[in-house]
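>
Numbering (the UniProt record's numbering), first residue to last: 1 to 161.
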């Protein structure tokens, strides 16, 4: 992506902000946004005493009782071994417990501990702050438009065609 593709008419050029792939300006921008979002999110979560991606599990389990581990794998969109490693780390940190399912002893269910429940408000506050930083400078209409466009991009990438 050329420098001119990274600015609006009448706006001064911006400093280089990340990977730029010739012929892929949208993909380059998405990657730059993703990395910036992850960096700021990690900073906010670390300041809140929550380790990424533990907050995803904490927020999903909040208000739920026993959640099958397979449900978390599906929700997180990660492979089983990655989610298992995350849950094991969370168990060691005292945030969750995993135990055999009452209905299927071969399956595991995951529950928040008291320490995990205490971490939920901090994780949620970090995500709210991240959301505010992500859209600052955008009008409400621009935020809606951005959300609509991102849904279309996501769905396009997830389609079979």
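We put the CB at the ideal spot given by N, CA and C, even for glycine.
Nearest to residue 31 by alpha carbon, out of 41, 18, 23 and 59?
Walking along the chain shown from the start, residue 31 turns up at place 31. The candidate whose alpha carbon is nearest that of residue 31 is 18.
> Leaving out the 5 sequence neighbours to the left and right, which residues in its chain are closer than 6 Å to residue 62 when beta-carbon positions are compared?
Taking the first residue of the chain shown as position 1, residue 62 is located at position 62. For residue 62, where only same-chain residues beyond five positions count, the Cβ hits under 6 Å are 120.
> Does the Cβ-Cβ distance between residue 41 and residue 130 come in under 7 Å?
Taking the chain shown and counting its residues from 1, the one referred to as residue 41 is at position 41. Taking the chain shown and counting its residues from 1, the one referred to as residue 130 is at position 130. In contact: residue 41 and residue 130 (Cβ atoms closer than 7 Å).
> State the DSSP-derived secondary structure class of residue 4, mapped to helix, strand or coil.
In the chain shown, counting from the first residue as 1, residue 4 sits at position 4. Model confidence at residue 4 stands at a pLDDT of 44, short of 50, so the residue's coordinates are unreliable; what they give is reported in the following sentence. Looking at residue 4 - three-state DSSP - the assignment turns out to be helix.
> Report yes or no: do the stretch 142 to 154 and the stretch 70 to 77 share at least 3 C-beta pairs separated by less than 8 Å?
The stretch 142 to 154, when compared against the stretch 70 to 77, does not touch it at the 8 Å Cβ threshold.
> Relative to the alpha-carbon of residue 112, which residue among 128, 92 and 126 has its alpha-carbon at the smallest distance?
The residue labelled residue 112 in the question sits at position 112 within the chain shown. Ranking the options by Cα distance to residue 112, first place goes to 92.
> Distance, Cα to Cα, residue 34 vs residue 56?
In the chain shown, counting from the first residue as 1, residue 34 sits at position 34. In the chain shown, counting from the first residue as 1, residue 56 sits at position 56. C-alpha separation (whole angstroms): 16 Å.
> Answer with buried or exposed for residue 86, where buried requires no fewer than 16 other C-beta atoms within 10 angstroms of its C-beta.
Position 86 of the chain shown holds residue 86. Looking at its Cβ environment, which holds 16 or more other Cβ atoms inside 10 Å, residue 86 is buried.
> Is the Cβ-Cβ distance between residue 110 and residue 98 less than 7 Å?
Taking the chain shown and counting its residues from 1, the one referred to as residue 110 is at position 110. Taking the chain shown and counting its residues from 1, the one referred to as residue 98 is at position 98. Going by C-beta atoms, residue 110 is nearer than 7 Å to residue 98.
> Where does residue 146 land, buried or exposed, given buried means 16+ other C-beta within 10 angstroms?
Counting from 1 along the chain shown, the entry for residue 146 is found at position 146. Flag for residue 146 reads exposed.
> Could you tell me whether any non-hydrogen atom of the ligand MN is closer than 6 Å to the CB of residue 42?
The ligand MN is not part of the structure shown, which contains no ligands of any sort.
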